[in-house]
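**Q**
Protein chains in written order, with my numbering: chain A, 1 to 112; chain B, 1 to 116.
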């Protein structure tokens, strides 16, 4: 069965620190990969996605993620976080069709 | 504006009292789904629907029912709610697409349900 693992449940950083959130999935075939973000009190929204082409995907607000097929990973990065990045981040995998599997989420708190 | 709208946003109810959470999308999406979000467990899929009159169980379907009589609507029904169904619920939709189209999911704003 497909699964998605997010390495950290809680991350606390100071502003301007660099961020990397780990995500690994278990599926051997072709996948679509996503990062969704949920800001406090809001619904989930797409941050970035990979479905083909350049494995380094850039999203809004300076976020990027790199798909490494050999490691089954899709880690999210940002070189310098801001207080407004405080949110919960979900990695998700779709292996075709309608089934998308979400990770348990990582809560990021950025100290001002 | 593309939207997934769910109601109510907040509800406190008592054990055993049937309730329905409505969900509607305006994007003509074929696929709709319900998730529940619980601390430390992330998002778990309750039910999904691939088209009108086509529904199937997700990972945690016990205690829930759904129906898909129209393409735009996908209500979630709790026939006899119990306290373990206290959670944050999200409705979601996405378009039919091949693996290479991205299949982005659009979420509603969530419904906070408390069963006492």
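Don't be surprised by glycine CBs; every beta carbon is placed ideally from N, CA and C.
With a threshold of 16 other CB atoms inside 10 Å of the CB of residue 111(A), please say whether the residue is buried or exposed.
**A** Exposed.
**Q** State whether the stretch 14 to 34 of chain A contacts the stretch 64 to 73 of chain A, with contact taken as three or more CB pairs (one from each stretch) at a distance under 8 Å.
**A** With a cut-off of 8 Å, the stretch 64 to 73 of chain A and the stretch 14 to 34 of chain A count as touching, because enough Cβ pairs lie within range.
**Q** Cα separation between residue 54(A) and residue 64(A)?
**A** Residue 54(A) and residue 64(A): Cα-Cα distance of roughly 12 Å.
**Q** In chain order, what residues of the same chain have a beta carbon less than 8 Å from the beta carbon of residue 103(A), not counting five sequence neighbours either side?
**A** So the list reads 4, 5, 6, 23, 90, 91, 92, once near-sequence residues are dropped.
**Q** Step through the CB atoms of chain B and report whether any lies within less than 8 Å of the CB of residue 105(A).
**A** Closer than 8 Å to some Cβ of chain B, the Cβ of residue 105(A) qualifies, so yes.
**Q** Which partner residues of residue 63(A) appear in the DSSP bridge assignment?
**A** In the DSSP output, where bridge partners are listed per residue, residue 63(A) has none listed.
**Q** Just the chain B side, please: which residues come within less than 9 Å of residue 86(A) by C-beta, in chain order?
**A** Those within 9 Å of residue 86(A) in chain B number zero; the least Cβ separation is about 17 Å.
**Q** So residue 92(B) packs on residue 35(B), CB below 8 Å; how close in whole Å?
**A** Correct: roughly 6 Å between the Cβ atoms.
**Q** Please list the partners that residue 9(A) has in chain B, where partner means a Cβ-to-Cβ separation under 8 Å.
**A** Going along chain B in sequence order, the residues near residue 9(A) (Cβ under 8 Å) are 40.
**Q** If residue 89(B) and residue 27(B) are in contact, beta carbons under 8 Å, what's the gap, nearest whole angstrom?
**A** Contact flag wrong, Cβ pair sits at about 20 Å.
**Q** Do we get a CB-CB distance below 8 Å when we pair residue 90(A) with the residues of chain B?
**A** So, interface residue.
**Q** Rounded to the nearest angstrom, what separates residue 78(A) and residue 49(B) at their Cα positions?
**A** Each residue's Cα considered, the two are about 36 Å apart.
**Q** Under 8 Å, do residue 29(A) and residue 95(A) count as touching if we go by C-beta distance?
**A** For residue 29(A) and residue 95(A), yes; Cβs fall inside 8 Å.
**Q** Let me check understanding here. Comparing Cα to Cα, which of 73(B), 112(B), 59(B), 6(B) lies closest to residue 2(A)?
**A** Comparing Cα-Cα distances from residue 2(A) to each of 73(B), 112(B), 59(B), 6(B), the minimum goes to 59(B).
**Q** Do you know whose CA, among 65(B), 86(B), 72(B), 69(B), lies nearest residue 117(B)'s CA?
**A** Since the displayed chain B opens at 1 and closes at 116, residue 117(B) lies outside it and no answer follows.
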